[in-house]
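In order, the protein sequences belong to chains A and B. Numbering follows the numbering used here, with no gaps: position 526 of the first sequence is 526. Numbering follows the numbering used here, with no gaps: position 121 of the second sequence is 671. Down below is the structure, laid out as structure tokens.
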Amino acid sequence: MSVATTANYLNAEKGIKSWLFTLDHKRIGLMYLFAVMTSFFLGGVFALLIRLELLHPGQDFFTADTYNQLFTLHGAVMIFLFIIPAIPAALGNFVLPLMLGAKDVAFPRLNLASFYIYVVGALFALYSIVAGAVDTGWTFYTPYSTTTSTSVISMTMGAFILGFSSIFTGVNFIATIHKMRAPGMTWFKMPLMVWALYATSIIQVLATPVLGITLLLLVIERTVGIGIFDPAMGGDPVLFQHFFWFYSHPAVYIMVLPGMGIISELVATFSKKKIFGYKLIAYSSLGIALISFLVWGHHMFTSGQSEFSSMVFSFLTFFVGIPSGIKMFNWLATMYKGRITFEAPMLYTIAFMFLFAIGGFTGIMLGAISIDIHMHDTYFVVAHFHYTMMGGTVIAFLGGLHYWWPKIWGRMYNEKLAKVAWAFIFVGFNVTFFTQFFLGSQGMPRRYYNYLDQYQPLHMYSTYGSWMLGVGFLIMAYYLIYSIYKGPKAPNNPWGALSMEWQTTSPPIQHNFEDQPVLEHEPYDYDTRMVVNDELIKKEDVKEKEDINV
Amino acid sequence: MDPNGSLIFPSQVSTIAPEVDALFDFILYLSIIFFILVVGGTFYFAWKYRKKGEDTFTKDLSHNNMLEVLWTVIPTILVFIIFVWGFKSYMKMTIPPDTSMEIKVTGQKWFWTFNYAEGATTTNELVVPVNQPVRLLMSSNDVIHSFYVPNFRTKMDVLPNRYTQLWFEATETGEYNLFCTEYCGKGHSEMIGKVKVLARADYDAWLAGAGNAGANMKPEEFGAKLYKDKACFTCHSIDGSPLVGPSFKGIFGRTEKMTDGSEITADENYIRESILEPQAKVVQGFQPIMPTYQGVLKDEEIDALIAYFKTLK
Numbered sequence: 001m002s003v004a005t006t007a008n009y010l011n012a013e014k015g016i017k018s019w020l021f022t023l024d025h026k027r028i029g030l031m032y033l034f035a036v037m038t039s040f041f042l043g044g045v046f047a048l049l050i051r052l053e054l055l056h057p058g059q060d061f062f063t064a065d066t067y068n069q070l071f072t073l074h075g076a077v078m079i080f081l082f083i084i085p086a087i088p089a090a091l092g093n094f095v096l097p098l099m100l101g102a103k104d105v106a107f108p109r110l111n112l113a114s115f116y117i118y119v120v121g122a123l124f125a126l127y128s129i130v131a132g133a134v135d136t137g138w139t140f141y142t143p144y145s146t147t148t149s150t151s152v153i154s155m156t157m158g159a160f161i162l163g164f165s166s167i168f169t170g171v172n173f174i175a176t177i178h179k180m181r182a183p184g185m186t187w188f189k190m191p192l193m194v195w196a197l198y199a200t201s202i203i204q205v206l207a208t209p210v211l212g213i214t215l216l217l218l219v220i221e222r223t224v225g226i227g228i229f230d231p232a233m234g235g236d237p238v239l240f241q242h243f244f245w246f247y248s249h250p251a252v253y254i255m256v257l258p259g260m261g262i263i264s265e266l267v268a269t270f271s272k273k274k275i276f277g278y279k280l281i282a283y284s285s286l287g288i289a290l291i292s293f294l295v296w297g298h299h300m301f302t303s304g305q306s307e308f309s310s311m312v313f314s315f316l317t318f319f320v321g322i323p324s325g326i327k328m329f330n331w332l333a334t335m336y337k338g339r340i341t342f343e344a345p346m347l348y349t350i351a352f353m354f355l356f357a358i359g360g361f362t363g364i365m366l367g368a369i370s371i372d373i374h375m376h377d378t379y380f381v382v383a384h385f386h387y388t389m390m391g392g393t394v395i396a397f398l399g400g401l402h403y404w405w406p407k408i409w410g411r412m413y414n415e416k417l418a419k420v421a422w423a424f425i426f427v428g429f430n431v432t433f434f435t436q437f438f439l440g441s442q443g444m445p446r447r448y449y450n451y452l453d454q455y456q457p458l459h460m461y462s463t464y465g466s467w468m469l470g471v472g473f474l475i476m477a478y479y480l481i482y483s484i485y486k487g488p489k490a491p492n493n494p495w496g497a498l499s500m501e502w503q504t505t506s507p508p509i510q511h512n513f514e515d516q517p518v519l520e521h522e523p524y525d526y527d528t529r530m531v532v533n534d535e536l537i538k539k540e541d542v543k544e545k546e547d548i549n550v
Numbered sequence: 551m552d553p554n555g556s557l558i559f560p561s562q563v564s565t566i567a568p569e570v571d572a573l574f575d576f577i578l579y580l581s582i583i584f585f586i587l588v589v590g591g592t593f594y595f596a597w598k599y600r601k602k603g604e605d606t607f608t609k610d611l612s613h614n615n616m617l618e619v620l621w622t623v624i625p626t627i628l629v630f631i632i633f634v635w636g637f638k639s640y641m642k643m644t645i646p647p648d649t650s651m652e653i654k655v656t657g658q659k660w661f662w663t664f665n666y667a668e669g670a671t672t673t674n675e676l677v678v679p680v681n682q683p684v685r686l687l688m689s690s691n692d693v694i695h696s697f698y699v700p701n702f703r704t705k706m707d708v709l710p711n712r713y714t715q716l717w718f719e720a721t722e723t724g725e726y727n728l729f730c731t732e733y734c735g736k737g738h739s740e741m742i743g744k745v746k747v748l749a750r751a752d753y754d755a756w757l758a759g760a761g762n763a764g765a766n767m768k769p770e771e772f773g774a775k776l777y778k779d780k781a782c783f784t785c786h787s788i789d790g791s792p793l794v795g796p797s798f799k800g801i802f803g804r805t806e807k808m809t810d811g812s813e814i815t816a817d818e819n820y821i822r823e824s825i826l827e828p829q830a831k832v833v834q835g836f837q838p839i840m841p842t843y844q845g846v847l848k849d850e851e852i853d854a855l856i857a858y859f860k861t862l863k
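Below, the structure is given as structure tokens:
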């Protein structure tokens with residue numbers, strides 16, 4: 001227990017250079033964490049400004065141009081700078097080698113390169129804010145994006161460069177998972193978070209190049225005037241939509257799959273129960289990754305694509321919903337006859353079940369073509385998207401952040417404040433976005449700066465909700481930052497979890513483990529193993545401590 | 551919200567609307583059942599199996615084939631039903647009946663133009679007879695727009711390089727909102743029109759009069775009407791505040807600096823040219839983005855607009 005004061009990865013080397021040139025996956029993960037949290041803050045401020053303008057119809061605080069730039073920046077920053085790298089590159093980087101019992105990722109230099117490429121991409125994106133911020137929406141639809149006078153090129157170049165960072169992380173993780181598992185850790189003895197990161201990496205490697213090509217073609221069209229998408233130059237604007245969604249639909253699974261991985265860890269740890277249907281959860285991650293490549297056309301039911309395409313895409317869309325549904329049932333069954341405690345990570349797990357269920361059901365509604373025709377490009381889609389991405393991914397990310405926080409810093413956060421912040425975020429989120437389902441089904445189009453008076457009451461509640469969310473995040477920022485400096489020292493295994501990252505010190509030593517760990521038990525063997533005060537207790541050793549839940 | 555609609559939907563005014571809403575309701579009820587099952591179950595288990603007292607080992611419940619097959623197969627069957635239902639309604643939405651009348655729709659930044667076979671042209675106001683299938687043949691002059699009437703539950707993108715079509719049959723007379731739902735820039739949220747559904751006789755009377763609208767009006771009154779009907783107000787104010795374009799207040803006889811540095815006093819010829827060839831001479835500080843009104847405005851309508859501008863002192 002005195003290890004926290006001895007050498008660890010945070011204090012082993014000192015000075016700014018030891019961070020900037022580090023090859024340690026934990027430090028790179030932390031630098032990523034700092035970068036994505038900064039982006040999240042920025043994107044969040046944009047969101048609050050958007051909601052502020054929408055409090056009343058007509059012009060209140062911003063001009064139409066500024067508003068259009070705000071929602072574009074909100075989308076682009078949240079998607080490309082925050083949510084895609086948030087779980088894999090920040091949390092995943094930190095925990096993946098620890099979960100595998102490895103010293104580092106397979107290619108530490110590639111890992112550092114991926115971070116700096118991210119920084120360069122982010123600078124391009126930020127430059128576009130000062131250089132006449134882009135106003136196309138994060139989707140860059142042509143021919144609007146080919147003809148607008150704003151800084152489309154620097155933003156798309158930013159997204160293009162960020163793609164490489166994402167590919168590097170993906171390649172690195174795939175190699176790491178294949179080659180660096182601890183002795184005894186066969187594929188089906190890996191934590192499910194690792195399966196989720198594996199499926200995510202496959203999508204990152206296979207889909208991201210298509211986005212890169214698409215954005216490059218857009219840049220070429222704007223600079224050289226070669227007509228690919230702009231009909232004025234002989235191009236086809238719908239082609240852009242096909243290219244764009246061929247990446248961007250799989251990309252939503254890049255965003256949500258790692259979130260599902262976190263939930264699998266949390267629900268087992270805080271229920272102290274063997275995960276239910278391990279193989280089905282693992283396979284469903286791969287299933288989602290595969291089918292996700294085949295459903296992009298459901299973004300285009302009204303675009304003028306053929307009726308036949310719409311039919312096929314609608315059909316396949318429903319089948320990407322099934323594996324997600326299976327996971328929900330498995331998590332629920334994991335809680336059955338568990339021994340459940342309610343620390344912040346578990347609260348986020350419960351919030352995830354609640355919000356992601358709503359996101360999923362409304363996804364089924366949107367998958368039905370006839371309903372989508374009515375709902376497409378309205379607030380209903382905005383609400384659905386936020387229920388899956390924020391209610392799903394971001395909530396899971398926050399759960400994971402709290403879960404691994406003691407491991408990362410060796411300090412505990414304030415549990416009471418964490419619960420208060422959770423309540424603000426959960427309630428605020430629902431007030432902000434549940435109202436938007438009604439706005440959308442009533443016909444309110446998205447990306448509207450001004451709106452008809454009839455929509456005002458719901459817009460007002462949505463804005464109030466966004467303030468609650470803001471308060472929740474402020475509280476969280478306070479207690480998390482405070483804990484880094486003044487938090488009580490964390491035990492090695494504060495939650496009594498069985499996966500490998502908890503078997504080393506908090507914070508881990510520079511090379512993660514004193515000796516190469518060997519898999520002694522599976523990550524979810526809560527029927528025969530438990531950890532009390534960092535002490536592993538085996539069932540065979542304590543016969544009298546039989547299950548009293550019978 | 552629509553006073554005639556439900557909590558969820560605006561009122562149903564097309565033949566397809568009840569079908570869309572019925573499928574939505576079906577999925578909604580299913581969702582509520584499954585939500586109670588999954589999320590209710592989560593809360594119930596969280597309470598029932600909360601930690602009481604000592605740490606203990608838990609049961610080895612790792613899988614159950616019967617359960618897992620059930621919760622894979624049942625949702626699969628349900629979504630298959632939803633798929634077929636949604637697709638069938640979609641086919642009805644997609645194929646216009648042979649008896650449809652046709653109206654040409656043009657979208658451009660930031661208004662809609664409707665051209666009738668009988669020669670009438672309207673802006674931002676689509677007038678149709680009730681209980682008559684209407685097929686819209688749509689195209690755009692600039693970027694992608696999307697034609698959306700919530701009460702009809704129908705929507706279709708309007709593209710610059712091809713025709714798209716959309717059909718509906720309105721079932722009740724009245725005025726309904728028409729939105730542009732594909733982001734198209736600064737005036738996107740102002741690209742709102744009306745669909746006016748009239749009884750057959752009223753529609754015929756309207757169509758007969760539409761060709762010579764303004765016949766019984768003073769030119770400046772007719773011009774004021776055109777300023778509204780043709781959506782000039784989207785970009786040009788009459789109170790002096792600059793919007794996308796310069797304000798019309800005091801425009802006649804005003805001297806303005808052009809983007810090429812020259813100075814021009816707005817007279818009849820300048821105004822006429824700016825309507826028909828908007829990019830020819832653009833006032834400094836504004837972008838050359840106004841579309842031409844060639845073919846949209848007739849000569850006497852341009853005369854009326856000029857007469858109206860003269861009154862805006």
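C-beta: ideal position from N, C-alpha, C; glycine also.
Give me the chain A residues within the contact set of B/F661, using Cβ-Cβ distance strictly less than 9 angstroms, ordered along the chain. What B/F661 touches in chain A: nothing, since even the nearest Cβ is about 15 angstroms away.
For A/F173, tell me which candidate among A/V105, A/H299, A/D236 has the shortest Cα-Cα distance. A/V105
Could you work out which residues of chain B lie near A/E307, taking near to mean beta carbons separated by less than 8 angstroms? Y640, M641, T644
Is there contact here, the stretch 192 to 202 of chain A with the stretch 164 to 173 of chain A, by at least three beta-carbon pairs under 8 angstroms? yes
Leaving out five residues before and five after A/A4 in sequence, what residues of the same chain have Cβ atoms less than 6 angstroms from its Cβ? The predicted model places A/A4 with a pLDDT of 45, which falls under 50 and marks its position as unreliable, so this point remains unresolved.
Measure the alpha-carbon distance for A/K407 versus A/M260 and round it to whole angstroms. 20 angstroms
Residues near B/E569 by beta carbon distance below 6 angstroms, same chain, minus five either side: S639
May I ask you to list, following chain order, the residues of the stretch 684 to 700 of chain B that have a beta carbon less than 8 angstroms from some beta carbon of chain A? D692, V693, I694, S696, Y698, P700
Going along the chain, which residues of its own chain have a beta-carbon closer than 6 angstroms to the beta-carbon of A/W195, five neighbours each way excluded? A282, S285
For a contact meaning CB atoms closer than 7 angstroms, what does B/M706 contact in chain A? T302
Counting only runs of 3+ residues fully inside the stretch 716 to 795 of chain B, write out the beta strand (DSSP E) ranges in chain order. 724 to 730, 743 to 748
Which residues does DSSP list as the beta-bridge partners of B/Q658? B/F661
Delimiting residues of the alpha helix (DSSP H) encompassing B/S561: Run containing B/S561: none; DSSP gives neither H nor E here.
Under the rule that 16 or more other beta-carbon atoms within 10 Å means buried, what is A/G321, buried or exposed? buried
Look at the alpha carbon of A/G360 and the alpha carbon of A/T378, and state the distance between them as a whole number of angstroms. 17 angstroms
Listing by chain order, which chain A residues have their CB less than 9 angstroms from the CB of B/R847? For clarity, residue 847 of chain B is Leu in the given sequence; the question names Arg instead. None at all; the shortest Cβ gap to chain A is about 24 angstroms.
Taking a Cβ distance cut-off of 9 angstroms, strictly less, list which residues of the stretch 430 to 461 of chain A are near chain B, in chain order. F437, F438, S441, Q442, G443, M444, P445, R446, R447, Y448, Y449, N450, Y451, L452, Q454, Y455, P457, L458
DSSP three-state call for A/G220: helix, strand or coil? A small correction: the amino acid at residue 220 of chain A is Ile; Gly does not occupy that position in the sequence shown. A/I220: helix per DSSP, three-state reduction.
If the cut is a Cβ gap below 9 angstroms, which residues of chain B does A/L280 touch? H613, E618, T622
DSSP three-state assignment for B/L676, whether helix, strand or coil: strand
Can you grab the Cα-Cα spacing for the pair A/G367 / A/I167, in whole Å? 29 angstroms
Does the ligand ATP have even one heavy atom less than 7 angstroms from the beta-carbon of B/Q682? Looking for the ligand ATP in the displayed structure turns up nothing, as the structure carries no ligands at all.
Would A/R27 count as contacting chain B if we go by Cβ distances under 8 angstroms? no
Any idea what DSSP makes of A/H56, helix, strand or coil? coil
How would you write the range of the beta strand (DSSP E) that A/P183 sits in, first residue to last? Unbroken run through A/P183: none, as it is neither H nor E.
Segment limits, beta strand (DSSP E) that includes B/T704: 704 to 708
Buried or exposed: which applies to A/V210, given that a residue is buried once 16 or more other Cβ atoms fall within 10 Å of its Cβ? buried
State the DSSP-derived secondary structure class of A/I475, mapped to helix, strand or coil. helix
Does B/I577 come within less than 8 angstroms of chain A when only Cβ atoms are used? yes
In chain A, what lies closer than 9 angstroms to B/R703 by C-beta? S370, I371, I373, H374
From A/L218, A/M155, A/L355, residue whose alpha carbon lies closest to that of A/G75: A/M155
Around the C-beta of A/F529, are 16 or more other C-beta atoms found within 10 angstroms, so that it is buried, or is it exposed? One point to set straight first is that residue 529 of chain A is Arg, not Phe, in the sequence displayed. With 16 or more Cβ atoms within 10 Å of its Cβ, A/R529 is classed as buried.
In terms of DSSP beta bridges, what is A/I340 paired with? B/R600
Candidates A/F473, A/Y336, A/F107: which alpha carbon is nearest A/L48's? A/F473
With B/R685 as the anchor, note down where its beta strand (DSSP E) starts and where it stops. 683 to 690
What residues from chain B crowd round A/I322, counting only those whose CB sits closer than 9 angstroms? T622, P625, T626, V629
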